[in-house]
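Single-structure report; data block below.
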Ligand SMILES: [Zn+2]
Ligand SMILES: [Zn+2]
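In my numbering, the protein residues as written are 4 to 358.
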């Protein structure tokens, strides 16, 4: 199994971001990423997908789209379309039709920032998901870094602090989003893949003669990432590698990470039954019993959850195991102290155990 680190949900100057695609791949290389997925608002840019750079430091660029109905009031229903490879914003006013169109284009659909808070002092509305009657989407954006900014900013003072010291800001996915995800995966016993998104824009604020750049792309690229497991190492051949990455994302063979406090590379969550080993995103038949194993890149606080409830917690261990014969949806969370606070570090996709 091989691990590739991606930054997802990035805006360029084709919408409200402030960098070009070629700038972004250079920054991604600096951040040590294997790939980035750009998602401009209601515009898909043709002809830019591919590998950039040379040798081992190649960066894969996948151009997706963030589609929403601009006339919706209250606003919301932002959908990330990944690998549809065509313009689909014409379906913006019908989320179900949009999801179906993405699926028939062999793309993936993720509900962006499904729960968001308004930022009232700054006249910013909440862009939550509202069309909860939709079905057959691939997953949700469990952690959106710029949405989190809206949730943790409660005053002008905290806005300034969070803007000037971005490393102090991120704590993890919203509890409400985690609960929502648990409800979806438990009630439906259906694969709903979690990804981490940065929603990077590199906002520019003019203060008299000065221009301040908030949340530079490099900060985003080093922080909330999605680590994707592929069955073979990336070969450097774009089409093959892209297909493998998309297939792994579709299966939920990935985890959401906060790489800023410490690298999360090497995290594993797997389960064994009589037939062999399965990884996050997989469905597994219980048979005579299951042995779950968690491997952490460093010893820290780790929780195993079943159907949204914590069933086991370890402190200061880097290998944790759990034996069971109970069916359910199992996932892992790990936390790490950083800048004076415990912060979300790793959120695995679930293993679906049934008999
Ligand atoms: Zn959005
Ligand atoms: Zn966005």
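Each residue gets a CB set at the ideal place from its N, CA and C atoms; glycine is no exception. For clarity, every value in this text was computed on a predicted model and none was experimentally measured.
How is residue i classed by DSSP in three states: helix, strand or coil?
i, result
"residue 119", "coil"
"residue 20", "coil"
"residue 201", "coil"
"residue 104", "helix"
"residue 8", "strand"
"residue 146", "strand"
"residue 298", "strand"
"residue 178", "helix"
"residue 239", "coil"
"residue 99", "helix"
"residue 188", "helix"
"residue 206", "strand"
"residue 49", "coil"
"residue 112", "strand"
Between residue i and ligand 1, is the CB less than 6 Å from at least one heavy atom?
i, result
"residue 129", "no"
"residue 115", "yes"
"residue 81", "yes"
Could you give the distance in angstroms between the alpha-carbon of residue i and the alpha-carbon of residue j?
i, j, result
"residue 243", "residue 6", "16 Å"
"residue 236", "residue 4", "8 Å"
"residue 197", "residue 57", "31 Å"
"residue 43", "residue 325", "42 Å"
"residue 290", "residue 277", "7 Å"
"residue 180", "residue 263", "21 Å"
"residue 158", "residue 60", "41 Å"
"residue 73", "residue 358", "45 Å"
"residue 195", "residue 10", "19 Å"
"residue 78", "residue 38", "30 Å"
"residue 300", "residue 347", "14 Å"
"residue 142", "residue 115", "9 Å"
"residue 238", "residue 54", "11 Å"
"residue 330", "residue 309", "9 Å"
"residue 3", "residue 240", "Past the boundaries of the shown model lies residue 3; the chain is included only from 4 to 358, so the question cannot be answered."
"residue 139", "residue 91", "17 Å"
"residue 14", "residue 76", "23 Å"
"residue 220", "residue 103", "32 Å"
"residue 318", "residue 298", "13 Å"
"residue 280", "residue 273", "7 Å"
"residue 24", "residue 268", "26 Å"
"residue 271", "residue 225", "20 Å"
Under 6 Å from any heavy atom of ligand 2, does the C-beta of residue i make it?
i, result
"residue 69", "yes"
"residue 202", "yes"
Using a Cβ-Cβ cutoff of less than 6 Å, which residues in the same chain neighbour residue i once the five nearest sequence positions on both sides are dropped?
i, result
"residue 146", "176, 199, 227 and 259"
"residue 66", "41, 48, 51 and 52"
"residue 188", "195, 332 and 353"
"residue 185", "311"
"residue 63", "38 and 54"
"residue 355", "286 and 332"
Sorted by chain position, which residues of the same chain lie with C-beta nearer than 8 Å to residue i's C-beta, five sequence neighbours on each side aside?
i, result
"residue 182", "311"
"residue 17", "43, 46 and 48"
Only counting the same chain, and skipping five residues up and downstream in sequence, which positions put a Cβ closer than 7 Å to that of residue i?
i, result
"residue 249", "86 and 111"
"residue 256", "231, 232, 282, 283 and 284"
"residue 294", "274, 275, 324 and 326"
What do you reckon, is the C-beta of residue i under 6 Å from a heavy atom of ligand 3?
i, result
"residue 36", "Ligand 3 is absent from the structure shown, which contains only ligand 1 and ligand 2."
Is there a C-beta anywhere in chain C that falls below 7 Å from the one on residue i?
i, result
"residue 219", "Of the protein chains in the structure, only one exists, and it is not chain C."
Check whether the region 141-158 touches the region 119-130, counting contact only when three or more Cβ pairs, one atom from each stretch, lie closer than 8 Å. yes
Taking contact to mean 3 or more Cβ pairs, one atom from each stretch, closer than 8 Å, check whether the region 102-111 and the region 167-176 are in contact. no
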